[in-house]
Amino acid sequence: MSITAGSLYRDTGNFFRHQLVTIVLMALLTSFITMLIGKALTPGADQMQILGDGMADSASSLMEIVRGMSPEQQQVLLHASAAGTFASLVGNVLLLGGMLSLIPMVSSGQRVSALRAIGASAPYLARLLLLTFLMTLVIQLGFMVLVVPGVLLAITLALSPMIMTTEKVGVFAAMRTSVRLGWSHMKTIAPAVMLWIVAKLLLLLLASALLVLPPDVASVVINALSNLLSAIIIIYLSRLYMLLR
Numbered sequence: 001m002s003i004t005a006g007s008l009y010r011d012t013g014n015f016f017r018h019q020l021v022t023i024v025l026m027a028l029l030t031s032f033i034t035m036l037i038g039k040a041l042t043p044g045a046d047q048m049q050i051l052g053d054g055m056a057d058s059a060s061s062l063m064e065i066v067r068g069m070s071p072e073q074q075q076v077l078l079h080a081s082a083a084g085t086f087a088s089l090v091g092n093v094l095l096l097g098g099m100l101s102l103i104p105m106v107s108s109g110q111r112v113s114a115l116r117a118i119g120a121s122a123p124y125l126a127r128l129l130l131l132t133f134l135m136t137l138v139i140q141l142g143f144m145v146l147v148v149p150g151v152l153l154a155i156t157l158a159l160s161p162m163i164m165t166t167e168k169v170g171v172f173a174a175m176r177t178s179v180r181l182g183w184s185h186m187k188t189i190a191p192a193v194m195l196w197i198v199a200k201l202l203l204l205l206l207a208s209a210l211l212v213l214p215p216d217v218a219s220v221v222i223n224a225l226s227n228l229l230s231a232i233i234i235i236y237l238s239r240l241y242m243l244l245r
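In case it helps, this note's numbering puts the sequence shown at residues 1 to 245.
In structure tokens:
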């Protein structure tokens with residue numbers, strides 16, 4: 001059976017359009033959860049002020065700024081970075097799990113709400129959390145070496161969540177299978193993943209336009225828009241894997 005990117009784009013667009021309300025609600029809900037977790041774990045205003053005092057008069061590079069910080073400031077920076085990373089990871093996993101539950105349930109003719117979809121993903125959220133963490137770590141390491149390895153890893157590992165949840169296999173087995181399928185179907189996966197990466201970068205550039213909003217509101221809106229982009233690529237990859245099985 002011939003699988004073309006054009007047909008996958010049309011299938012993705014049709015699914016997204018018909019489930020728009022549910023997907024938007026899921027994107028907003030997971031974005032709100034991300035913001036709440038971030039606020040709960042981020043250091044208090046007094047500690048952040050300590051961090052801000054050390055950076056206010058510095059125009060150096062990031063590494064020079066960090067080296068010039070006191071141990072207390074470095075600890076606050078590490079705490080804040082870890083809180084933001086963990087909050088983002090949890091939000092992404094909830095969105096991924098919800099979408100991976102929503103797609104087969106809707107395909108089987110069920111009416112599914114955002115909360116029900118996320119709830120249905122509960123049995124494999126822990127494995128998805130580990131898988132997402134490992135994928136993010138490996139891809140980021142690839143980007144640190146050179147841009148090309150990072151992009152290739154993002155493409156070849158893209159099907160891992162779909163494989164793990166559909167085939168009920170382990171994290172590493174899913175990653176190995178995804179790499180094999182990713183190489184075999186590079187022409188189908190690469191354009192969609194590249195568009196997703198570029199769209200995410202453009203969203204970061206446009207985020208400054210939302211600075212007029214209160215910080216919490218701006219955070220929820222930006223994350224929700226980012227989640228919508230992620231939802232689209234999840235639909236695309238899920239549909240592709242359905243055809244490959």
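By construction, the Cβ of each residue, glycine as well, lies at the ideal position given by its N, Cα and C atoms.
A quick note: this is a predicted structure, and the numbers were derived from the prediction, not measured.
What's the call for residue 131, buried or exposed, on a 16-neighbour Cβ count within 10 Å?
-> Taking the first residue of the sequence shown as 1, we reach residue 131 at position 131. The residue is buried, with at least 16 neighbouring Cβ atoms inside 10 Å.
Residue 32 to residue 85 span [Cα, whole Å] = For this step, residue 32 is matched to residue 32 along the sequence shown. For this step, residue 85 is matched to residue 85 along the sequence shown. Going from the Cα of residue 32 to the Cα of residue 85 covers about 15 Å.
Helix, strand or coil at residue 200 according to DSSP, with G and I counted as helix | Taking the sequence shown and counting its residues from 1, the one referred to as residue 200 is at position 200. Here residue 200 sits in helix by DSSP.
Going by other Cβ atoms of all chains shown within 10 Å of its Cβ, with 16 needed for buried, is residue 235 buried or exposed?
-> Here residue 235 refers to the residue found at position 235 when the sequence shown is read from its first residue. When all chains shown are included, residue 235 counts as buried.
State the DSSP-derived secondary structure class of residue 140, mapped to helix, strand or coil.
-> Reading the sequence shown from its first residue, position 140 is the one you call residue 140. Residue state, collapsed to three classes: helix.
Residue from 229, 117, 190 and 158 whose Cα sits closest to the Cα of residue 105 | For this step, residue 105 is matched to residue 105 along the sequence shown. The option with the nearest alpha carbon to residue 105 is 117.
Report yes if the CB atom of residue 114 is closer than 8 Å to the CB atom of residue 35, and no otherwise.
-> As a working mapping, residue 114 is identified with position 114 in the sequence shown. As a working mapping, residue 35 is identified with position 35 in the sequence shown. Against a cut-off of 8 Å, the Cβ pair of residue 35 and residue 114 comes out as no contact.
Check residue 116 in the structure and name its three-state DSSP category.
-> Counting from 1 along the sequence shown, the entry for residue 116 is found at position 116. DSSP places residue 116 in helix when its eight states are reduced to three.
Give the DSSP-derived three-state secondary structure of residue 18 in the structure shown.
-> Your numbering for residue 18 matches position 18 in the sequence shown. Here residue 18 sits in helix by DSSP.
Is residue 192 closer than 8 Å to residue 233 when the C-beta atoms are compared?
-> One-based indexing of the sequence shown puts residue 233 at position 233. One-based indexing of the sequence shown puts residue 192 at position 192. It is a contact, given that the beta carbons lie within the stated cut-off.
With DSSP as the reference, label residue 79 as helix, strand or coil.
-> For the purposes of this step, residue 79 is taken as the residue at position 79 of the sequence shown. Three-state result, residue 79: helix.
In chain order, which alpha helix (DSSP H) runs of at least 4 residues are fully inside the region 143–220?
-> The region 143–220 contains these whole alpha helix (DSSP H) runs: 147–156, 160–167, 171–184 and 186–206.
Let me know if residue 4 comes out buried or exposed under the rule of 16 or more other beta-carbons within 10 Å of its beta-carbon.
-> Residue numbering aside, residue 4 sits at position 4 when the sequence shown is read from its first letter. Exposed, since its Cβ has fewer than 16 Cβ neighbours within 10 Å.
Between the beta-carbon of residue 93 and the beta-carbon of residue 22, is there less than 8 Å?
-> One-based indexing of the sequence shown puts residue 93 at position 93. One-based indexing of the sequence shown puts residue 22 at position 22. No, these two residues do not count as a Cβ contact at 8 Å.
If I'm right that residue 162 touches residue 230 with Cβ under 8 Å, what's the distance once you round it to whole angstroms?
-> By 1-based counting over the sequence shown, the position of residue 162 is 162. By 1-based counting over the sequence shown, the position of residue 230 is 230. Actually they are not in contact, since the Cβ atoms of residue 162 and residue 230 sit about 14 Å apart, beyond 8 Å.
Do residue 135 and residue 160 have their C-beta atoms closer together than 8 Å?
-> On the sequence shown, residue 135 is found 135 positions in, with the first residue counted as 1. On the sequence shown, residue 160 is found 160 positions in, with the first residue counted as 1. Their beta carbons are under 8 Å apart, which means residue 135 touches residue 160 by this criterion.
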